[in-house]
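S.K.:
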Amino acid sequence: MSVAHEERAIAVTVPKDKSEVISSFIPADFDVPTGREEEWRFTPLRRMKPLLTALPQNDGATVEIDGDPAVIGVDAAQGPIQPGEWLVPVDVVSALAWAGAADTTLITIPPKTDLENPVTVTITGTSTSYQKLRVTIEHDSSATVVINHQGTGQHAENIEVEVGARSQLKLVVIQDWDRDAVHLGRIHSHVGRDATLTQVVATFGGDLVRLVSTVDYDGPGGSAELLGAFFADAGQHLEHRLFVDHNEPHCRSNVVYKGALQGEHAHTVWIGDVLIRAKAVGTDTYEINRNLVLSDGARADSVPNLEIETGEVSGAGHASATGRFDDEQLFYLQARGIAADDARRMVVRGFFTEVLDQIPDADIRDRLWAAVDDEIGAVGSGVGS
Amino acid sequence: MAELVIRDLHVSVDGDEGPREILRGVDLTVRSGEVHAIMGPNGSGKSTLAYSVAGHPKYTVTSGTVTLDGEDVLAMSVDERAKAGLFLAMQYPVEVPGVTVSNFLRTAATAVRGEAPKLRAWMGEVKEAMGKLKVDQSFAQRNVNEGFSGGERKRHEILQMELLKPKIAVLDETDSGLDVDALKVVSEGVNRIHDEIGTGLLLITHTTRLLKLIPAEHVHVFVDGRIVASGGAELADKIDSEGYEAFVASEEAGAKA
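Protein sequences appear in the order of chains A and B.
Residue numbers for the first sequence follow the numbering used here, beginning at 7 and rising by one.
Residue numbers for the second sequence follow the numbering used here, beginning at 30 and rising by one.
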């Protein structure tokens with residue numbers, strides 16, 4: 007009956023000067039992490055060991071792109087490293103992946119184009135691979151891009167996203183990996199003037215998934231809606247780290263991440279860093295992470311951090327709460343005739359509604375609901391008993 | 030004709046210092062069409078009786094029986110009790126984030142009736158029940174009890190009762206936290222359900238406020254985990270003028286003897 011609401015809020019200092027963060031395309035510029043570093047302290051490095059040094063094989067995944075042929079392409083240029091315009095690696099795995107990816111998957115939506123159907127990129131892992139993707143939507147356009155991850159193996163990936171002025175991009179990144187896969191990813195989104203990015207990250211599969219999603223702005227009026235849903239089963243490590251850099255005035259960000267955990271050693275990590283720089287007056291930002299712990303033996307770490315360098319913000323806040331499954335909710339629904347399994351499903355689905363109902367595309371929404379239902383089905387009868 | 034029979038019910042709850050007995054031998058029979066009131070001071074165990082009959086896992090029945098039309102209620106899961114025709118209107122109904130009233134009501138009705146109600150007829154049924162309880166139609170799209178005022182929560186409980194049409198309903202402190210107008214709407218709803226389908230009512234309250242609007246022909250005084258006196262409406266009047274002191278004092282004297 008008792009509802010344990012834990013809050014773990016450990017202050018992490020976002021470096022005030024970006025130069026304090028090592029960012030480089032050269033892997034040798036980074037030390038190999040030991041696990042003592044702030045940004046690696048939650049991650050089980052042992053389980054991602056192949057990714058800490060250059061992979062002997064880096065093409066162990068197939069990439070399929072489904073969408074308007076006019077907007078999709080592959081830049082097969084090999085050889086010298088092509089620096090990203092906006093994404094610069096901030097850790098060794100990302101730098102190795104950037105240097106090692108054989109080609110770049112390109113999705114380029116021209117100006118003044120409203121793309122009706124989503125562009126879908128499906129990455130299917132077989133062994134070990136590096137991936138590099140660049141999603142560009144030029145000014146005054148709108149599109150939905152879905153990136154699916156599935157299969158097995160160890161993979162490191164960089165996704166560079168540019169949203170042109172006044173454009174609207176919906177980017178959905180799904181981790182539907184086999185249970186043994188390892189995925190280290192970085193997504194950097196550069197949001198243009200008066201542009202809107204809606205990013206949905208959904209992580210259900212994999213043994214270890216660690217995604218770093220960073221956002222900055224190109225001019226005033228940019229808006230980033232960053233939504234996440236994750237469900238960790240026994241032994242899974244799902245880590246989502248966000249950094250929103252409010253580097254321009256009058257921009258908006260809203261972060262909502264919801265996670266459920268079930269089973270022994272299910273572990274989720276959510277780090278939400280927001281920096282409002284001195285020039286970013288009129289910033290409006292809010293971030294929240296909620297975790298629903300469905301059984302004993304699972305652990306959710308949640309660390310929101312907000313750093314404000316100007317007094318002239320229009321709104322800034324954060325919240326984090328991790329709670330046990332509420333048996334009183336189960337009792338209430340059961341007392342109205344709803345069987346325990348159905349009641350449990352209703353409560354867990356209800357928990358994810360806030361995130362999943364915001365997904366604009368009905369097919370994607372249905373697919374993610376089906377993934378949640380699968381996870382709930384796998385939960386079995388241990389919940390709430 | 031339904032009959033809820035409670036015999037020599039003993040119930041404990043786990044506390045820091047081990048199990049603590051809260052109900053100490055309750056005997057009560059509630060039939061269709063009847064209105065019973067259980068009145069007692071705070072902490073006497075009235076709500077424990079309500080939740081034990083509904084099957085809340087916090088309470089352990091150590092001895093005694095509860096049957097509905099001869100069926101063993103204590104052997105049923107919580108949802109089976111609701112399907113058998115028992116209903117508990119809760120004092121503090123919980124919020125269920127992300128689950129709309131509309132979805133909740135239809136899922137509950139489907140479970141209790143054994144089949145999904147036809148959509149069009151169901152919409153009409155809900156709309157009519159909401160209208161009677163003066164509940165705004167936008168209510169259906171809100172999340173269950175989330176951000177509801179005290180009055181809205183109680184009306185929502187009675188709305189469920191109206192749609193689920195129980196044989197026997199236990200109303201736990203339904204009058205608490207309601208202003209005069211809300212109390213009037215809620216009690217009219219309860220009376221209507223009672224009149225129309227003959228639901229047997231067990232009202233749990235510590236004041237006579239609700240009984241002025243829902244007349245109970247059977248009044249039971251509940252002290253220290255059991256019924257210490259039963260009578261008609263006049264017993265409620267006696268409590269109204271004299272309080273529980275006489276009953277509590279005699280119970281203490283009895284316990285010492």
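For every residue, glycine included, the Cβ atom is placed at its ideal position computed from N, Cα and C.
Every value quoted in this text rests on a predicted model; they were computed, and no experiment measured them.
If A:Val169 and A:Ile193 are in contact, beta carbons under 8 Å, what's the gap, nearest whole angstrom?
M.R.: Numbered from 1 along the first sequence, position 163 holds the residue referred to as residue 169 of chain A. Numbered from 1 along the first sequence, position 187 holds the residue referred to as residue 193 of chain A. That belief does not hold up - the Cβ atoms of A:Val169 and A:Ile193 are roughly 12 Å apart, past 8 Å.
S.K.: Flag this pair as yes or no: are the beta carbons of B:Leu192 and B:Ala158 separated by less than 7 Å?
M.R.: What you label residue 192 of chain B is simply residue 163 of the second sequence in a count that begins at 1. What you label residue 158 of chain B is simply residue 129 of the second sequence in a count that begins at 1. Contact flag set, yes.
S.K.: Around the Cβ of A:Arg216, are there at least 16 other Cβ atoms within 10 angstroms (buried) or fewer (exposed)?
M.R.: Your numbering for residue 216 of chain A matches position 210 in the first sequence. Buried: at least 16 other Cβ atoms inside 10 Å.
S.K.: Starting from the beta carbon of B:His290, find every residue of chain A whose beta carbon is closer than 9 Å, and list them in chain order.
M.R.: This structure leaves residue 290 of chain B out entirely; chain B is present only between 30 and 286.
S.K.: Is the CB-CB distance between A:Asp279 and A:Phe249 below 7 Å?
M.R.: Residue mapping note: residue 279 of chain A aligns to position 273 of the first sequence, counting from 1. Residue mapping note: residue 249 of chain A aligns to position 243 of the first sequence, counting from 1. Yes. Within cutoff.
S.K.: Am I right that A:Ala53 and A:Asp182 are in contact with their C-beta atoms under 8 Å? What's the rounded C-beta distance?
M.R.: For the purposes of this step, residue 53 of chain A is taken as the residue at position 47 of the first sequence. For the purposes of this step, residue 182 of chain A is taken as the residue at position 176 of the first sequence. Looking at the sequence provided, one finds Arg at residue 53 of chain A rather than Ala. Between A:Asp182 and A:Arg53 the Cβ distance is about 19 Å, and since that is not below 8 Å, they are no contact.
S.K.: Just checking: is the beta-carbon of B:Leu117 within a distance shorter than 7 Å of some beta-carbon in chain A?
M.R.: Position 88 of the second sequence, counted from the start, is the residue given in the question as residue 117 of chain B. Judged by the 7 Å Cβ criterion, B:Leu117 is in contact with chain A.
S.K.: Note down, in chain order, each residue of its chain lying with its Cβ closer than 6 Å to the Cβ of A:Lys22, except the 5 sequence neighbours on either side.
M.R.: Counting from 1 along the first sequence, the entry for residue 22 of chain A is found at position 16. Residue confidence for A:Lys22 is low, a pLDDT of 46 falling below 50, so the modelled location carries little weight and cannot support an answer.
S.K.: Under 7 Å, do A:Glu293 and A:His324 count as touching if we go by C-beta distance?
M.R.: As a position in the first sequence, residue 293 of chain A is number 287, starting the count at 1. As a position in the first sequence, residue 324 of chain A is number 318, starting the count at 1. Yes. Within cutoff.
S.K.: Please report whether the beta-carbon of B:Ala145 lies at a distance below 7 Å from any beta-carbon of chain A.
M.R.: Taking the first residue of the second sequence as position 1, residue 145 of chain B is located at position 116. No, its Cβ sits nowhere closer than 7 Å to a Cβ of chain A.
S.K.: Which residues, in order along the region 323 to 339 of chain A, keep a beta-carbon less than 8 Å from a beta-carbon of chain B?
M.R.: Flagged, chain order: Asp332, Asp333, Glu334, Gln335, Phe337, Tyr338 and Leu339.
S.K.: Kindly give me the distance between the Cβ atoms of B:Val95 and B:Ile35, rounded to whole angstroms, as I take these residues to be in contact under 8 Å.
M.R.: Counted from its first residue, the second sequence places residue 95 of chain B at position 66. Counted from its first residue, the second sequence places residue 35 of chain B at position 6. Their Cβ separation, rounded to whole angstroms, is 5 Å, which keeps B:Val95 and B:Ile35 in contact under 8 Å.
S.K.: Leaving out five residues on either side along the sequence, give the residues of the same chain with a beta carbon under 7 Å from the beta carbon of A:Gly383.
M.R.: Taking the first sequence and counting its residues from 1, the one referred to as residue 383 of chain A is at position 377. Hits under 7 Å: none found.
S.K.: Determine whether the Cβ of A:Glu13 lies closer than 7 Å to any Cβ atom of chain B.
M.R.: As a position in the first sequence, residue 13 of chain A is number 7, starting the count at 1. With a pLDDT of 39 at A:Glu13, under the threshold of 50, the modelled position of that residue is not reliable, and the figure given next carries that caveat. Not closer than 7 Å to any Cβ of chain B, the Cβ of A:Glu13 fails to qualify, so no.
S.K.: Assuming contact is defined by CB atoms lying nearer than 7 Å, are B:Ile233 and B:Asp201 in contact in what I supplied?
M.R.: Residue numbering aside, residue 233 of chain B sits at position 204 when the second sequence is read from its first letter. Residue numbering aside, residue 201 of chain B sits at position 172 when the second sequence is read from its first letter. Cβ atoms of B:Ile233 and B:Asp201: closer than 7 Å.
S.K.: Per DSSP, which one or two residues make a beta bridge with A:Asn154?
M.R.: As a working note, residue 154 of chain A is residue 148 in the first sequence. DSSP output for A:Asn154 lists A:Thr128 and A:Ile180 as bridge partner(s).
S.K.: Relative to the alpha-carbon of B:Asp165, which residue among B:Leu188, B:Arg149 and B:Ala145 has its alpha-carbon at the smallest distance?
M.R.: Within the second sequence, residue 165 of chain B is the residue found at index 136, counting from 1. Here the closest residue by C-alpha is B:Leu188.
S.K.: For the beta strand (DSSP E) that A:Asp74 lies in, which residues bound it at each end?
M.R.: One-based indexing of the first sequence puts residue 74 of chain A at position 68. Run containing A:Asp74: none; DSSP gives neither H nor E here.
S.K.: Return no unless some Cβ of chain A is closer than 7 Å to the Cβ of B:Asp98.
M.R.: Here the question's residue 98 of chain B lines up with position 69 in the second sequence. So no, B:Asp98 is outside the interface.
S.K.: Where does B:Asp201 sit, in a helix, a strand or coil, going by DSSP?
M.R.: As a position in the second sequence, residue 201 of chain B is number 172, starting the count at 1. The answer is strand: DSSP assigns B:Asp201 an E or B state.
S.K.: Span of the alpha helix (DSSP H) holding B:Phe133?
M.R.: As a first step, residue 133 of chain B must be located in the second sequence, where it is residue number 104. Start and end: Val130 to Arg142.
S.K.: What residue does the beta strand (DSSP E) around B:Met119 start on, and which one ends it?
M.R.: For the purposes of this step, residue 119 of chain B is taken as the residue at position 90 of the second sequence. Neither: B:Met119 is in no beta strand (DSSP E) and is coded neither H nor E.
S.K.: Grab me the residues of B:Lys75's own chain with a C-beta within less than 7 Å of its C-beta, minus the 5 sequence neighbours each way, in chain order.
M.R.: Numbered from 1 along the second sequence, position 46 holds the residue referred to as residue 75 of chain B. Once the five neighbours on either side are set aside, the close Cβ partners of B:Lys75 are Ile67, Gly69, Ile233 and Phe251.
S.K.: Any idea if A:Gly321 is buried or exposed, counting beta-carbon neighbours within 10 angstroms, 16 or more meaning buried?
M.R.: As a working mapping, residue 321 of chain A is identified with position 315 in the first sequence. Label assigned to A:Gly321: exposed.
S.K.: Grouping DSSP H, G and I as helix and E and B as strand, with all else coil, what is A:Phe358?
M.R.: Residue numbering aside, residue 358 of chain A sits at position 352 when the first sequence is read from its first letter. Of the three classes helix, strand and coil, the one that applies to A:Phe358 here is helix, per DSSP.
S.K.: Is the CB-CB distance between A:Ser29 and A:Val96 below 7 Å?
M.R.: Within the first sequence, the letter at position 23 stands for residue 29 of chain A. Within the first sequence, the letter at position 90 stands for residue 96 of chain A. Yes, Cβ-Cβ distance for A:Ser29 and A:Val96 is below 7 Å.
S.K.: Run through DSSP, which three-state label would A:Thr119 get?
M.R.: Taking the first sequence and counting its residues from 1, one reaches residue 119 of chain A at position 113. Note: A:Thr119 maps to coil in three-state DSSP.
S.K.: Following the continuous beta strand (DSSP E) through A:Arg42, name the residue where it begins and the one where it ends.
M.R.: Position 36 of the first sequence, counting from 1, holds the residue named residue 42 of chain A. A:Arg42 -> no beta strand (DSSP E), and no H or E assigned at all.
S.K.: By DSSP's criteria, B:Lys75 is part of a beta bridge. Which residues make up the other side?
M.R.: Counting from one through the second sequence, the residue named residue 75 of chain B turns up at place 46. Per DSSP, none; premise fails for B:Lys75.
S.K.: Which residues, in order along the region 201 to 223 of chain A, keep a beta-carbon less than 8 Å from a beta-carbon of chain B?
M.R.: Answer set for the region 201 to 223 of chain A: empty.
S.K.: Only counting runs of 3 or more residues, tell me where the beta strand (DSSP E) segments fall wholly within the region 318 to 365 of chain A, in order along the chain.
M.R.: Listed in chain order, they are 321 to 330.
S.K.: I'd like to check one pair, A:Ser195 with A:Val179: are the Cβ atoms closer than 7 Å?
M.R.: The residue given as residue 179 of chain A occupies position 173 in the first sequence. The residue given as residue 195 of chain A occupies position 189 in the first sequence. It is not a contact, given that the beta carbons lie outside the stated cut-off.
S.K.: With DSSP as the reference, label A:Ile277 as helix, strand or coil.
M.R.: Looking up residue 277 of chain A in the first sequence gives position 271. Of the three classes helix, strand and coil, the one that applies to A:Ile277 here is strand, per DSSP.
S.K.: Excluding the 5 residues flanking B:Val128 on each side, which residues of the same chain have their C-beta closer than 8 Å to its C-beta?
M.R.: The residue given as residue 128 of chain B occupies position 99 in the second sequence. So the qualifying residues of the chain are Asn172 and Val173.
S.K.: If B:Ala111 and B:Glu100 are in contact, beta carbons under 8 Å, what's the gap, nearest whole angstrom?
M.R.: Within the second sequence, the letter at position 82 stands for residue 111 of chain B. Within the second sequence, the letter at position 71 stands for residue 100 of chain B. With 8 Å as the limit, B:Ala111 and B:Glu100 do not qualify as a contact, their Cβ atoms being about 13 Å apart.
S.K.: Scan the region 196 to 225 of chain B for residues whose Cβ lies nearer than 9 Å to a Cβ of chain A and list them as they occur along the chain.
M.R.: If the cut-off is 9 Å between Cβ atoms, the region 196 to 225 of chain B has nothing near chain A.
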